[in-house]
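Residue numbers (my numbering): 1 to 237. Note that beta-carbon positions come from the ideal geometry of N, C-alpha and C, so glycine has one too. To start, the structure itself, in structure tokens.
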């Protein structure tokens with residue numbers, strides 16, 4: 001109870017500062033305090049409004065700082081699995097930064113959040129746009145992987161295979177290539193193309209031996225080899 005009263009008092013003080021110094025840098029700091037107090041008190045709509053005002057004031061001072069604050073807040077929300085709030089903030093970020101690396105990040109993160117929420121149609125649309133609009137951005141490879149997983153979730157293994165093969169074909173130094181090989185193997189497996197799955201798992205073990213996916217891939221190789229040998233033996237009888 002005492003802690004709540006302290007937050008309420010701090011909220012009142014910060015609100016007074018924000019109103020009294022609306023045109024000064026102090027207003028931005030006050031809005032940040034308001035947002036954090038509202039968060040602690042469970043006043044989520046008020047927190048969102050205060051944070052949006054904070055970002056608006058920061059934009060007038062430094063767009064780079066505003067972008068960094070938006071990224072940090074998004075990552076905190078996603079880590080707490082507050083995905084609905086994260087998507088709202090990401091849409092705000094897209095409105096403020098429609099182009100460039102911040103726009104690519106925001107749209108990619110939005111698609112990833114939709115995927116976690118099982119909103120596969122929205123996830124697919126957002127991730128495709130990232131790949132088409134920013135094919136050379138740092139998040140493009142991750143967007144391809146997420147899109148492949150969205151396709152798997154929608155039982156579209158054919159689309160998944162084509163997408164992942166294109167990502168793997170970018171070469172051994174392509175970001176996320178080990179994950180792409182793993183997902184490619186799984187897509188083949190789900191499509192019941194067990195030989196292609198075996199080949200992809202073997203490539204992963206051979207080409208990315210330090211990948212965290214390798215222990216699973218080794219086990220899959222052993223199982224698929226045994227299964228294929230058993231099938232060959234059965235046909236020869």
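DSSP state of residue i mapped onto helix, strand, coil
i           : result
residue 51  : helix
residue 93  : helix
residue 192 : coil
residue 154 : coil
residue 213 : coil
residue 139 : coil
residue 133 : helix
residue 171 : coil
residue 219 : helix
N-terminal and C-terminal residue of the alpha helix (DSSP H) that residue i is part of
i           : result
residue 252 : A query on residue 252 cannot be resolved here, the shown segment of the chain reaching from 1 to 237 and no further.
residue 118 : Where residue 118 is concerned, there is no enclosing alpha helix (DSSP H), given that its DSSP letter is neither H nor E.
Buried versus exposed, by CB contacts within 10 Å (16 or more), residue i
i           : result
residue 133 : exposed
residue 79  : exposed
residue 195 : exposed
residue 62  : exposed
residue 144 : buried
residue 44  : exposed
residue 47  : buried
Assumed close pair residue i, residue j - CB separation to whole angstroms, cut-off 8 Å
i           : j           : result
residue 220 : residue 181 : At roughly 12 Å, the Cβ-Cβ gap does not stay under 8 Å, so residue 220 and residue 181 are not in contact.
residue 228 : residue 198 : 7 Å
Give a yes or no on contact between the segment 115 to 125 and the segment 89 to 106, applying the rule of three or more CB pairs nearer than 8 Å. no
Check whether the segment 49 to 69 touches the segment 92 to 101, taking contact to mean three or more Cβ pairs, one atom from each stretch, closer than 8 Å. yes
Can you find at least 3 beta carbon pairs, one from the segment 62 to 75 and one from the segment 95 to 106, that sit closer than 8 Å? yes
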